[in-house]
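Under numbering that gives the first Met the number 0, the first residue of the sequence shown is numbered 0, with each subsequent residue one higher.
Note that the Cβ used here is the ideal one computed from N, Cα and C, for glycine as well.
Nothing here was measured: the structure is a model prediction, and the numbers come from that model.
As structure tokens, the structure follows; a few thoughts come after it.
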Amino acid sequence: MLKVTNLSLSFFSKKKETKVLNSVSFYLGKNEILGIVGESGSGKSVTTLAIMGLLPKKISKITSGEILFENKPLQNLSEKEFQNIRGNNISMIFQEPMSALNPSMCCGKQVSEILLHHKKMSKKSAKSETLLLFEKVKLPNPEELYNKYPHQISGGQMQRVMIAMAIACKPKILIADEPTTALDVTVQKEIIQLLKDLQKETQMSIIFISHDLALVSEIADRVVVMYQGKVVEQDAIEQIFHSPNESYTKALLNARPSLSERTEKLATIKDFLDSNFKKYIISKEQRTQKHKSIYNQKPLLEVLNLEKEYFSNAGIFRAKKITKAVNDVSFQLYEGETLGLVGESGCGKSTLGKAILQLDKATKGKIYYRGKEISALSENEFRKYRKEIQIIFQDPYSSLNPRLLIGEAILEPMKVHNLYWSKKKRKERVLTLLDQVGLDASFYYRYPHQLSGGQRQRVGIARTIAMEPKLIICDESVSALDISVQAQVLNLLNDLKKTYQFSYLFISHDLAVVKYMADQLMVMNAGKIEEMGEADEIYANPLKSYTKKLIEAIPKGK
């Protein structure tokens, strides 16, 4: 149905040519799901944008090779010819639905627009068809959701709206570009199952793009592995998963935290390609000994019966609606501990983190830090604790000032808290910090937009540890990163913890990552702590059905 042969592609800027694809070849059969796997920058998305005719014409050029759809070449089609193919024959689900959907249009109208344009339906018929599509992608209350704007629905629901748009014209090929990145594991599982069901029902072919080989194994028949613009390996999913030939494929398989054994470090792509990785297994006895020393002391942080309520107006004559985002939560966190906090989006994890930091004050309950109650302190009184309790945000790009140089962004909080006595000393400290998080001195003079996602996350970590805190709240700090970059950042966090004796409250929706990082694990659901205990024990013997559901949703591979 689709055949890509020796495809090479370059981007051009001011006399410079950058080759991004180098002789890429693969095929997609009828009624088949093909997975394309690789890190950011490997060429996955660029390949599919070339298939869709969506590459920027002025700065990109296909230098050789061909793309055949039903034996018709696509690479030289005009924009008008491509418009007839897009949506009708080949459709695409984009990685980030919030930026792909029009924020000023209702969700239903965005899908209806596709039908009006391609199928020449009446407005009434287009609306009826859209509601049927919403039912097909299992969206709740289709009539109500038809009139909602993208910002009024969850990430999983936005992704389902995107899928409804993509399948509206019954395409022969559906390209899903990282459709589950940063989604909860449970929502991710639902989206994967939905795509499988739709494929079975409609007999369309799917190209499923991801950086996670374990996830791809849940859906694909065959896999193409890409690295630095080339196809390094392609085969049936069972073959790739159990007997990979290439070191890069083995590296992708090993970069994700293991669910069966506990290692001191995660293998990075570079470790495998350099053949210098030695796996050190942490025994149960070593872990028990470590926990004895951690928990044989007074808690660093104590949270007692914490609640956070939000009020929303339901109307002039109706009472205010109360939502308990955090509901009677109690726990202790000890010096040198990593306490994992896991749960789906909307369960109250981030709200709890913000309440501890006094960024969003709790409605009820008490918070003690080193035995001192901090929940009752005014903003001025709490300011001295801000140096000791820090946060690493989920999205470093939005938490960094785009106008500030990276070096100045790291130096700024030092100045605010009067750390070090001169700008020269602060700059020296910034350069040391950059080195510690794996960035060279040249990064001091770069801006946030000049960095990759993994590099920006390292800057966020450097900015946080510049304060030499005792307690760091990691709020989904690796959720949107590649598997390989995620491994690097998790290793970095553990190394820094040893060096500086940090304590972490590690928040994530990914139970596999939290289990790897955590000593103790808290499972949160609908504002409450559902289950709490030693991380390995909870994974091996979950008591609550909600915890079991989270564990079952983790992609485990073939």
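Alpha carbon to alpha carbon, what distance is there between residue j and residue i?
i: N140; j: T129; result: 13 Å
i: I281; j: K289; result: 11 Å
i: S451; j: L438; result: 12 Å
i: E407; j: T337; result: 30 Å
i: P149; j: K135; result: 19 Å
i: V513; j: S483; result: 16 Å
i: C346; j: I268; result: 33 Å
i: Y309; j: A486; result: 36 Å
i: K527; j: V45; result: 43 Å
i: A49; j: Q74; result: 8 Å
i: Y367; j: V302; result: 6 Å
i: L358; j: S374; result: 11 Å
i: I405; j: R445; result: 6 Å
i: D434; j: R425; result: 14 Å
i: P616; j: E260; result: Lying before the first or after the last residue shown, residue 616 is absent from the chain, which here runs from 0 to 557.
i: L356; j: G342; result: 20 Å
i: F81; j: Y26; result: 20 Å
i: Q202; j: D220; result: 14 Å
i: D176; j: K291; result: 46 Å
Any idea which residues DSSP pairs residue i with across the strands?
i: E533; result: Q519
i: D176; result: I208
i: I89; result: R85 and I172
i: I390; result: I472
i: E372; result: Y367
i: M225; result: V230
i: N524; result: K527
i: K60; result: S9
i: S502; result: L470
i: Y309; result: T322
i: V302; result: F330 and I366
i: T262; result: I280
Who are the Cβ neighbours of residue i in its own chain at under 6 Å, not counting the five residues just before and after it?
i: N88; result: P170 and K171
i: K386; result: H416 and M466
i: S476; result: I391
i: K18; result: S9
i: V429; result: G406, I409 and L410
i: Q187; result: T179
i: N253; result: A266
i: E529; result: V522, K543 and Y545
i: T62; result: S7 and S9
What are the boundary residues of the beta strand (DSSP E) that residue i is part of?
i: E16; result: K15 to L27
i: G364; result: K363 to Y368
i: C473; result: L470 to D474
i: S329; result: K320 to L332
i: A235; result: K229 to A235
i: V436; result: It is not in any beta strand (DSSP E) - V436 carries neither H nor E in the DSSP assignment.
i: G154; result: No beta strand (DSSP E) holds G154; the alpha helix (DSSP H) holding it covers G154 to I166.
i: L340; result: T337 to V341
i: L73; result: Taken as a continuous stretch (DSSP letters only), L73 belongs to no beta strand (DSSP E), as it is neither H nor E.
i: I32; result: I32 to V36
In its own chain, which residues sit with a C-beta less than 7 Å from the C-beta of residue i, not counting the 5 before and 5 after it?
i: Q500; result: G335
i: P412; result: R462, A465 and M466
i: L197; result: I166
i: A534; result: G339, K514, A517, D518, Q519 and L520
i: I321; result: E308 and F310
I need the boundaries of the alpha helix (DSSP H) containing residue i, first residue and last residue.
i: N83; result: E78 to I84
i: I461; result: With the sequence shown as reference, residue 461 is identified as Ala, and Ile is not the correct amino acid for it. Counting along the chain, the alpha helix (DSSP H) containing A461 begins and ends at G452 to I464.
i: A250; result: S246 to A254
i: F133; result: K122 to K135
i: F381; result: E378 to R385
i: L144; result: P141 to Y145
i: L404; result: No alpha helix (DSSP H) contains L404, which DSSP labels as neither H nor E.
i: R286; result: K283 to Y294
i: S242; result: That residue, S242, is in no alpha helix (DSSP H); it is neither H nor E in DSSP.
i: E112; result: C106 to H117
i: D196; result: V184 to T201
i: A99; result: P96 to A99
i: K297; result: Here K297 belongs to no alpha helix (DSSP H), and DSSP marks it neither H nor E.
i: E551; result: S544 to E551
i: I355; result: K348 to I355
Between which residues of its own chain and residue i is the CB-CB distance below 8 Å, once the five residues before and five after are set aside?
i: L193; result: V136, K137, R159 and I162
i: K29; result: M0, Q202 and S204
I want to check one thing, is the minimum distance from the CB of residue i to the heavy atoms of the ligand GTP below 7 Å?
i: E536; result: Here there are no bound small molecules, and the ligand GTP is not part of this structure.
Original post:
Looking at C-beta atoms only, is the number of pairs between the region 97-109 and the region 176-193 that lie closer than 8 Å three or more?
Top reply: no
**OP:** Mind the definition here: the region 209-220 touches the region 539-556 only if three or more C-beta pairs lie below 8 Å; say whether that holds.
**Re:** yes
Original post:
On the three-pair Cβ rule with 8 Å, is the region 151-159 touching the region 108-123?
Top reply: no
Original post:
With contact counted as at least three CB pairs below 8 Å, one residue from each stretch, are the region 22-38 and the region 216-226 in contact?
Top reply: yes
Original post:
Pairing CB atoms from the region 53-70 with CB atoms from the region 107-118, are three or more of them under 8 Å?
Top reply: no
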